[in-house]
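Residue numbering for the sequence shown follows UniProt numbering, beginning at 1 and increasing consecutively.
Every residue, glycine too, gets a C-beta built ideally from N, C-alpha and C.
Model, not experiment: these values are computed from the prediction.
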Amino acid sequence: GAGGWWNLLVGGRCAAQLGRKVAVVDYVEPSPQGTRWGLGGTCVNVGCIPKKLMHQAALLGGLIQDAPNYGWEVAQPVPHDWRKMAEAVQNHVKSLNWGHRVQLQDRKVKYFNIKASFVDEHTVCGVAKGGKEILLSADHIIIATGGRPRYPTHIEGALEYGITSDDIFWLKESPGKTWHPTDVALECAGFLTGIGLDTTIMMRSIPLRGFDQQMSSMVIEHMASHGTRFLRGCAPSRVRRLPVGQLQVTWEDRTTGKEDTGTFDTVLWAIGRVPDTRSLNLEKAGVDTSPDTQKILVDSREATSVPHIYAVGDVVEGRPELTPTAIMAGRLLVQRLFGGSSDLMDYDNVPTTVFTPLEYGCVGLSEEEAVARHGQEHVEVYHAHYKPLEFTVAGRDASQCYVKMVCLREPPQLVLGLHFLGPNAGEVTQGFALGIKCGASYAQVMRTVGIHPTCSEEVVKLRISKRSGLDPTVTGC
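Below, the structure written as structure tokens:
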């Protein structure tokens with residue numbers, strides 16, 4: 001899964017390089033709509049990779065609109081061809097699938113394309129395509145099955161007529177007018193709006209749970225002002241197919257109790273993910289899971305309740321659902337098992353980026369977490385509204401371009417968290433993540449020379465605190 005399979009690949013390759021006999025067992029259960037994909041898990045096939053490429057397609061659409069202001073004579077509007085984009089993205093994904101197959105072969109890792117489950121604590125079994133049963137035994141087993149999208153099975157028509165992130169990137173034809181019941185899938189809605197599709201998000205609760213809430217609401221503001229429609233406090237009740245082929249969605253407004261309907265081409269469920277543990281027969285191996293989430297419980301060494309069975313990635317309780325953390329956890333685990341290392345994975349200060357139309361990058365604590373942990377009086381937040389230079393000539397609205405740094409109030413003011421909303425947020429956040437990992441203070445950040453003119457330099461120019469009450473809008477060049 002996102003953060004599951006990938007690290008099995010890395011872990012498997014590392015273990016093989018360290019002279020061990022390694023097998024990777026991988027099988028994709030087709031989605032309810034029949035979508036299937038190749039080697040590489042969620043990230044490669046139905047996650048980060050196709051998502052970022054489709055996000056890029058949407059960003060290019062915005063740049064084409066900017067182009068006339070920079071002297072390019074581009075006839076507007078420029079149409080977008082979903083088929084061409086989807087084919088190019090899918091071909092890239094398939095090339096990655098092939099690359100993984102080759103790497104496994106090169107490293108002498110045995111690959112089994114079977115759906116496996118535990119027989120006992122050292123053995124898994126599965127059935128190959130021809131019906132032959134395969135039994136595999138190992139001294140060490142790493143579970144990295146990741147997660148799959150959750151379907152709201154209590155809603156009439158949800159399973160028959162809805163799709164999820166497992167399907168959207170593999171559609172041959174444009175999804176058309178789309179309806180997203182979600183608190184999480186802002187990225188998909190963002191790029192669909194960006195390529196010119198009519199997109200509605202239905203939000204039941206808070207967006208981007210677990211992220212800084214001020215930043216999350218600014219992400220929503222930006223999307224709303226750039227064409228994505230939002231329905232708040234509503235709950236869907238049923239989906240029906242109309243004779244014309246479109247889908248009729250019925251929902252209830254939670255505040256008024258009134259029912260309403262809308263007609264859409266595609267319904268994309270994005271209501272969270274469930275760990276892919278159900279068919280593993282974990283109880284036969286004695287592996288404990290959380291009764292609430294069904295995720296696997298592990299210790300700081302990634303070991304489950306059975307000492308020689310490990311779990312990494314999205315399938316694990318309390319871990320960030322991010323591919324790079326899983327890759328690193330897998331690599332460190334193999335180094336501990338076979339390379340004589342004792343290094344543990346550090347899950348603090350893990351940077352990440354949400355690839356919404358205006359990207360949101362963050363590392364460390366949200367403002368809410370910092371206040372909860374240290375108390376309001378011990379936290380200082382420096383912030384700024386800024387305007388990217390590229391937005392000026394293009395006449396773009398920059399009202400949501402914003403950066404804030406959450407620090408301890410006591411000198412030298414250790415940086416607890418950094419939050420950046422703006423273009424290329426991932427590229428901006430990555431470098432600062434190293435500084436924060438190394439224990440950077442506000443004083444050190446202020447002594448760092450900015451690169452001019454960039455958006456990144458706004459971080460090293462943060463002079464105004466929220467506590468001062470002064471206007472944080474950047475002026476001048």
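State the start and end residues of the unbroken alpha helix (DSSP H) segment that holds residue i.
i	result
residue 478	Outside the shown range of the chain (1 to 477) lies residue 478, about which nothing can therefore be said.
residue 217	213-225
residue 477	Careful: residue 477 lies outside any alpha helix (DSSP H) and carries neither H nor E.
residue 236	No alpha helix (DSSP H) holds residue 236; the beta strand (DSSP E) holding it covers 234-241.
residue 25	Here residue 25 belongs to no alpha helix (DSSP H); instead the beta strand (DSSP E) covers 23-25.
residue 436	425-437
residue 50	48-66
residue 389	389-394
residue 443	442-446
residue 459	457-460
By Cβ distance, which residues of its chain are closer than 7 Å to residue i, with the 5 residues on each side in sequence left out?
i	result
residue 254	233, 234, 235
residue 171	86
residue 176	197, 265, 266
residue 338	15, 18, 20
residue 391	398
residue 284	118, 119, 120
Less than 8 Å between C-beta atoms, sequence neighbours within five positions excluded: which residues of the same chain meet that for residue i?
i	result
residue 258	252
residue 308	121, 122, 139, 140, 141
residue 379	367, 370, 371, 406, 407, 408, 409, 416
residue 365	373, 406, 416, 417
residue 486	Shown here, the chain extends from 1 to 477; a query on residue 486 therefore has no answer.
residue 470	464
Starting from the C-beta of residue i, find all residues in its chain whose C-beta is less than 6 Å away, skip the five residues before and the five after it, and write them out in chain order.
i	result
residue 4	Per-residue confidence for residue 4 stands at a pLDDT of 48, beneath the threshold of 50, marking its modelled position as unreliable; no derived number is given.
residue 22	12, 15, 16, 109
residue 344	300
residue 179	200, 249, 264, 267
residue 126	114, 115, 116, 134
residue 456	428
residue 78	64
residue 320	350
residue 473	385
Buried or exposed: which applies to residue i, given that a residue is buried once 16 or more other Cβ atoms fall within 10 Å of its Cβ?
i	result
residue 351	buried
residue 376	exposed
residue 106	exposed
residue 242	exposed
residue 1	Unreliable placement is indicated for residue 1, whose pLDDT of 41 sits below 50; the coordinate value is still reported in the next sentence. The residue in question, residue 1, is buried, as its Cβ has 16 or more Cβ neighbours within 10 Å.
residue 100	buried
residue 37	buried
residue 70	exposed
residue 154	exposed
residue 48	buried
residue 132	exposed
Starting from residue i, follow the beta strand (DSSP E) in both directions and report where the run begins and ends.
i	result
residue 247	247-253
residue 402	402-408
residue 419	415-421
residue 201	199-203
Compute the distance between the beta-carbons of residue i and residue j, then report whether it is under 8 Å.
i	j	result
residue 163	residue 266	yes
residue 436	residue 363	yes
residue 226	residue 357	yes
residue 281	residue 137	no
residue 461	residue 450	yes
residue 186	residue 219	yes
residue 401	residue 382	no
residue 484	residue 355	Examination of residue 484 is not possible in this model, given that the chain is present from 1 through 477 alone.
residue 276	residue 396	no
residue 270	residue 182	yes
residue 274	residue 287	no
residue 112	residue 46	no
residue 564	residue 239	This structure gives no information on residue 564, because the portion of the chain shown stretches from 1 to 477.
For the ligand GDP, is there a heavy atom less than 7 Å away from the beta-carbon of residue i?
i	result
residue 234	Absence of the ligand GDP is noted for the structure shown, with no ligands found whatsoever.
Problem set entry | Minimum length 3: unbroken beta strand (DSSP E) runs contained in the region 338-385 | 352-354, 360-364, 379-385
Problem set entry | Whole beta strand (DSSP E) elements within the region 109-196, 3-residue minimum | 110-112, 116-120, 123-127, 133-137, 141-143, 147-149, 178-181
Problem set entry | In chain order, each beta strand (DSSP E) run of at least 3 residues that lies wholly inside the region 262-327 | 266-268, 273-275, 309-311
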